[in-house]
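Start counting the sequence shown at 3; every next residue gets the next number (the working numbering).
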Amino acid sequence: MEHDISLIANIAIAIVAAFVGGLLARRFGMPTIVGYLFAGMAIGPFTPGFVGDVGEISQLAELGVIFLMFGVGLQFSLKDLWAVRRVAIPGAILQMITVVALGFGLTQAWGWSFGASLVFGLSLSISSTVVLMRGLMDNGLLKTDAGRVVVGWTVLEDLATVLILVLLPALVISGSTDGSSWVAITTALLKAAAFIGLMLFVGARVMPWLMIRIARTRSRELFILAAVAVSLGIAFGAATLFGVSLALGAFLAGVVLGESEVGLQVGNEVLPFRETFAVIFFVSVGMLVNPLYLLNHAGDVLLVTTLIVVGRAIIALSLGLILPVSGRIALVVAAGLSQIGEFAFIVGQAGVMLGVLSSDQYALVLAGALLSIMVNPLMFRAIPHAERFLQRIPAFWALLDRHPPPPDPLAKSVTEHVVVVGYGRVGEHIINVLKHLGVPHLVVEIDARRAAEFEARGVPTLYGDAANSEVLTHARLEQARALVVTLPDEAASEIVVAAAHDLAPHLPVIARAATTSGIERLTHLGARDVIHPELEGGLEVMRHTLLSLGYPAGEVQRYADAVRRDRYDTSISTPEEQQVLEQLLRTVRGMEIAWLTVEHTSLIVGLSLAEANLRARTGASVIALIRAKHLIANPKSSTTFQVGDLVGVIGDAEQLSALTLVLQGQPVAQRVDDNADGVTV
3 MEHDISLIAN
13 IAIAIVAAFV
23 GGLLARRFGM
33 PTIVGYLFAG
43 MAIGPFTPGF
53 VGDVGEISQL
63 AELGVIFLMF
73 GVGLQFSLKD
83 LWAVRRVAIP
93 GAILQMITVV
103 ALGFGLTQAW
113 GWSFGASLVF
123 GLSLSISSTV
133 VLMRGLMDNG
143 LLKTDAGRVV
153 VGWTVLEDLA
163 TVLILVLLPA
173 LVISGSTDGS
183 SWVAITTALL
193 KAAAFIGLML
203 FVGARVMPWL
213 MIRIARTRSR
223 ELFILAAVAV
233 SLGIAFGAAT
243 LFGVSLALGA
253 FLAGVVLGES
263 EVGLQVGNEV
273 LPFRETFAVI
283 FFVSVGMLVN
293 PLYLLNHAGD
303 VLLVTTLIVV
313 GRAIIALSLG
323 LILPVSGRIA
333 LVVAAGLSQI
343 GEFAFIVGQA
353 GVMLGVLSSD
363 QYALVLAGAL
373 LSIMVNPLMF
383 RAIPHAERFL
393 QRIPAFWALL
403 DRHPPPPDPL
413 AKSVTEHVVV
423 VGYGRVGEHI
433 INVLKHLGVP
443 HLVVEIDARR
453 AAEFEARGVP
463 TLYGDAANSE
473 VLTHARLEQA
483 RALVVTLPDE
493 AASEIVVAAA
503 HDLAPHLPVI
513 ARAATTSGIE
523 RLTHLGARDV
533 IHPELEGGLE
543 VMRHTLLSLG
553 YPAGEVQRYA
563 DAVRRDRYDT
573 SISTPEEQQV
583 LEQLLRTVRG
593 MEIAWLTVEH
603 TSLIVGLSLA
613 EANLRARTGA
623 SVIALIRAKH
633 LIANPKSSTT
643 FQVGDLVGVI
653 GDAEQLSALT
663 LVLQGQPVAQ
673 RVDDNADGVT
683 V
């Protein structure tokens with residue numbers, strides 16, 4: 003029991019510390035991963051105050067590795083890699099080999115063992131996909147040619163990471179190339195090949211089939227459990243039965259499901275687990291960092307960081323001299339790859355578990371990663387300055403910029419346009435209308451696959467999280483005609499509206515509110531028009547209900563308008579809807595409106611309205627008449643009744659009952675009405 007309480011306490015402290023660290027990191031414009039790592043250092047054994055249990059948190063961190071690799075597999079796309087294969091494949095291979103060689107040589111000069119140097123070099127060769135994607139999104143580069151190249155580059159690095167995790171145990175068994183080492187490598191490759199073959203040929207058929215069947219049960223709980231069970235079960239099954247890493251099993255499970263029709267839904271359901279346990283993983287990594295060791299070895303830390311940031315950037319830029327890319331693309335690739343992150347942690351942690359990398363040596367990898375992640379946003383901001391500087395060296399720039407990029411198609415539709423944040427059912431309807439009207443438009447979408455689908459359909463799309471990045475700065479709001487925010491998450495909508503108001507104070511903003519209180523908040527943040535879907539739906543249901551009960555359409559509309567004014571206009575102190583409702587009740591209290599058909603047996607067929615004298619005979623008044631689908635409002639006294647006429651009448655229940663008898667051909671006693679003049683009105 004005490005152990006359970008201790009475990010829960012460690013998890014709670016880790017998550018709370020990560021939240022505070024991530025919040026502070028975003029406050030200072032840095033990726034949240036920086037905050038998570040500092041949070042781990044704060045609760046680690048090398049700093050004063052609360053000390054978390056490294057062992058317990060590290061065990062949970064294994065789940066973070068599994069979900070991270072499962073998520074990478076879900077998003078893995080050979081299509082993306084193949085589209086930029088001429089640049090990404092040779093570029094990634096050459097850069098990784100060069101960085102591994104530099105890291106290996108540096109640590110050999112420090113006197114490290116062969117295994118430690120190899121793991122260190124491999125750790126420095128793998129970029130952080132999380133940091134890269136954030137940088138590309140924040141700078142509006144993800145869907146550009148440069149973004150596609152660097153994403154394809156990292157796809158190959160992902161594949162290399164999987165291969166490294168498969169071969170690493172065999173590679174570090176001995177630092178030589180003797181027979182035992184080759185046998186271990188061959189055995190590892192054969193086991194991995196057997197597992198990969200089983201997943202691609204059997205798993206690719208069974209797993210999607212199973213998930214589709216579970217989806218058809220319409221039980222979200224079962225689907226979530228199935229997705230988590232698949233990711234964890236295959237990861238542990240791969241490690242137990244085939245001796246391969248948990249990461250490889252999770253990665254292949256993600257690849258198989260990612261290509262199926264339920265891949266998107268699986269990704270959405272697993273996302274909370276992936277994010278939560280990934281955070282715990284980053285915290286556990288930070289707990290291993292000894293700040294005093296890093297301070298005492300500041301020179302080594304600075305050298306490693308320089309190798310990661312400057313060395314990787316220079317290598318990528320130099321490869322641009324021989325690869326078919328433009329100078330701009332080479333600069334973006336250099337900036338995007340000048341960092342390492344989660345995969346470096348995974349490889350380095352594997353080296354620690356194998357006993358070839360000490361905690362202090364691993365701390366150098368962590369410090370280099372941490373500093374490179376902090377510097378990476380500055381690298382992206384330096385791209386225009388670096389481009390102008392290199393252009394002053396004509397010979398070098400001419401060699402680097404041998405393949406200028408085509409014009410950006412998005413630039414054609416970024417003026418006088420409407421920006422739609424979120425492309426759900428509401429957003430899709432808006433885009434369809436704007437397209438039909440010929441109004442330029444731009445969609446901001448956070449889901450990569452949906453963004454790719456929109457682009458394929460010709461919808462200008464900016465990929466990124468408008469509520470959590472600088473992506474709005476690339477939507478050119480200052481030149482737009484309107485911004486429509488259709489996000490279902492009200493908190494995200496508020497962030498977007500506030501950011502848009504800062505960027506373009508005079509831009510009309512139409513936002514969707516999820517709650518009644520959200521209407522006031524969104525209005526206060528700068529939204530000109532706020533729509534509450536549930537309120538609008540309720541008013542429409544109410545309108546149809548009252549009309550079916552015979553209430554006057556004009557009065558019903560007045561009531562609906564009054565409700566809208568009261569709910570949307572927060573400056574109104576005295577509600578108007580109750581007053582209009584009372585007026586509606588007074589208007590029709592005791593009265594009913596009905597539509598009755600003139601039968602062929604009716605006593606009034608062929609008679610004029612004056613001759614029929616219905617008001618005097620029944621007390622009910624004729625207010626309209628429909629004949630041959632044409633409405634005759636307030637018909638004249640000379641209008642004659644015909645078989646099939648639909649007569650609109652108003653009166654109380656007794657009067658309408660008497661009129662019904664007349665229209666059916668049954669005589670009734672004539673009423674004495676002091677107000678009747680023998681002519682209907």
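Beta carbons: idealized from backbone N, C-alpha and C, even for Gly.
Taking all protein chains shown into account, decide if aspartate 646 is buried (16 or more other Cβ within 10 angstroms of its Cβ) or exposed.
-> Note on identity: in this sequence residue 646 is glycine, with aspartate being the wrong assignment. With fewer than 16 Cβ atoms within 10 Å of its Cβ, glycine 646 is classed as exposed.
For glycine 466, which of helix, strand or coil comes out of DSSP?
-> coil
Cβ pair count under 8 Å reaching 3, the stretch 418-427 against the stretch 436-448 = yes
Close beta carbons around phenylalanine 106, own chain, < 8 Å, minus the five adjacent residues each side = Excluding positions up to five away in sequence, the list reads Ser119, Leu120, Phe122 and Gly123.
Mind checking isoleucine 432: buried by the 16 CB within 10 Å criterion, or exposed?
-> buried
Cβ pair glycine 66, phenylalanine 347 closer than 7 Å | no
Looking at the unbroken beta strand (DSSP E) that takes in serine 623, where does it start and where does it end?
-> 623-629
Who are arginine 514's beta bridge partners in DSSP?
-> By DSSP's assignment, arginine 514 forms a beta bridge with Ile533.
Report yes if the CB atom of threonine 488 is closer than 7 Å to the CB atom of glycine 429, and no otherwise.
-> yes
Contact set for alanine 469: own chain, Cβ-Cβ below 6 Å, skip 5 residues either direction = Ala494, Ile497 and Val498
For serine 415, collect the residues of the same chain with a Cβ closer than 7 Å to its Cβ; drop the 5 residues on either side in sequence, then sort them by chain order.
-> For serine 415, the predicted structure reports a pLDDT of 48, less than 50, and the residue's modelled location is therefore unreliable. A value from the coordinates is still provided. Hits under 7 Å: Pro442, Leu444 and Pro462.
Leaving out five residues on either side along the sequence, give the residues of the same chain with a beta carbon under 6 Å from the beta carbon of threonine 163.
-> Ile128 and Phe345
Coil, strand or helix - tryptophan 155 by DSSP = helix
Taking buried to mean at least 16 other C-beta atoms within 10 Å of its own C-beta, is phenylalanine 643 buried or exposed?
-> Classification for phenylalanine 643: buried.
Residues near leucine 598 by beta carbon distance below 7 Å, same chain, minus five either side = Val649, Val651, Leu661, Thr662 and Leu665
In DSSP terms, what histidine 443 is bridged to | Val420
Whole-angstrom distance between valine 208 and leucine 202, CA atom to CA atom = 10 Å
Could you check what DSSP says for alanine 14 in three-state terms: helix, strand or coil?
-> helix
Quick one, which of Leu191, Leu551 and Leu339 has its alpha-carbon nearest phenylalanine 382's?
-> Leu339
So does the stretch 23-35 actually touch the stretch 260-279, counting three or more Cβ pairs closer than 8 Å?
-> Note that the stretch 23-35 does not touch the stretch 260-279; fewer than 3 beta-carbon pairs, one per stretch, sit closer than 8 Å.
Nonlocal neighbours in the same chain, by C-beta distance under 7 Å from alanine 500, ignoring five residues either side = Leu527 and Gly528
Which stretch, first to last residue, makes up the beta strand (DSSP E) that contains alanine 477?
-> Unbroken run through alanine 477: none, as it is neither H nor E.
For leucine 485, the first and last residue of its enclosing beta strand (DSSP E) = Unbroken beta strand (DSSP E) run through leucine 485: 484-487.
Under a three-way DSSP split, which group does glycine 142 fall into?
-> coil
DSSP state of isoleucine 652, grouped into three classes?
-> strand
Can the beta-carbon of phenylalanine 197 be found less than 7 Å from the beta-carbon of alanine 240?
-> yes
Spell out a yes or no on whether the stretch 80-97 and the stretch 146-159 are touching, meaning 3 or more CB-CB pairs, one atom from each, closer than 8 Å.
-> yes
Buried or exposed: which applies to arginine 87, given that a residue is buried once 16 or more other Cβ atoms fall within 10 Å of its Cβ?
-> exposed
So does the stretch 348-366 actually touch the stretch 292-305, counting three or more Cβ pairs closer than 8 Å?
-> Output reads yes: the stretch 292-305 touches the stretch 348-366.
Return the chain-ordered list of same chain residues with a C-beta closer than 8 Å to the C-beta of valine 53, the five sequence neighbours on each side being excluded.
-> Ile45, Gly46 and Pro47
To the nearest whole angstrom, what separates the beta carbons of leucine 250 and leucine 167, a pair I think is in contact under 8 Å?
-> 6 Å
Close Cβ partners of histidine 5 (< 7 Å) along its chain, the five nearest in sequence each way excluded | Unreliable placement is indicated for histidine 5, whose pLDDT of 49 sits below 50; the coordinate value is still reported in the next sentence. Nothing listed; no residue qualifies.
Determine the closest residue to valine 600 out of Val18, Gly539 and Gln668, with distance taken between C-alpha atoms.
-> Gln668
Would serine 550 be called buried (16 or more neighbouring beta carbons within 10 Å of its own) or exposed?
-> exposed
Report the residue from Ala255, Leu212, Leu224 and Thr620 whose alpha carbon sits nearest the alpha carbon of leucine 2.
-> Outside the modelled stretch of the chain, which goes from 3 to 683, sits residue 2, for which no answer is possible.
Identity of the residues DSSP links to isoleucine 595 by a beta bridge | Ile652
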